[in-house]
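My numbering numbers the first residue of the sequence shown as 77 and each following residue consecutively. Where a beta carbon is used, it is the ideal one built from N, C-alpha and C, also for glycine.
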Amino acid sequence: MEEIEKLELDRKANIVDEDGFTLVTRRTRRNTNRTEDGASVTAARYEDVKNLKPKKKELQDFYRFQMKEKKRNELAELRRKFEEDKKRIADLKSSRRFKPY
Numbered sequence: 077m078e079e080i081e082k083l084e085l086d087r088k089a090n091i092v093d094e095d096g097f098t099l100v101t102r103r104t105r106r107n108t109n110r111t112e113d114g115a116s117v118t119a120a121r122y123e124d125v126k127n128l129k130p131k132k133k134e135l136q137d138f139y140r141f142q143m144k145e146k147k148r149n150e151l152a153e154l155r156r157k158f159e160e161d162k163k164r165i166a167d168l169k170s171s172r173r174f175k176p177y
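What follows is the structure, encoded as structure tokens:
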């Protein structure tokens, strides 16, 4: 059974005409290679590879004034949080009872 399939694959792979030339036939699949055991190895399609690549991210702050504005806003937020933390710590210190021992 396997021998018959192997002979058929060899016959299809090497068609020789009456002049002794190997007849080249067109295949329906492109980029297909046959291994020794008869399995076909096909290259990946461009559409599949294109979907695997990560998409480029869009820049949020492209212009210089946008970058400066973003930094200014982040710094203002950091200062606001620092002031809140200072106030919270001062409240905790004032509410604490004095325990000498």
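* To do: Tell me whether Leu99 sits in a helix, a strand or coil according to DSSP, three-state version.
  => strand
* To do: Following the continuous alpha helix (DSSP H) through Arg156, name the residue where it begins and the one where it ends.
  => Its alpha helix (DSSP H) spans residues 140-171.
* To do: For the alpha helix (DSSP H) containing Asp124, list its first residue and its last residue.
  => 122-128
* Asked: Which same chain residues, not among the five before or five after Arg156, have their C-beta less than 6 Å away from its C-beta?
  -> none
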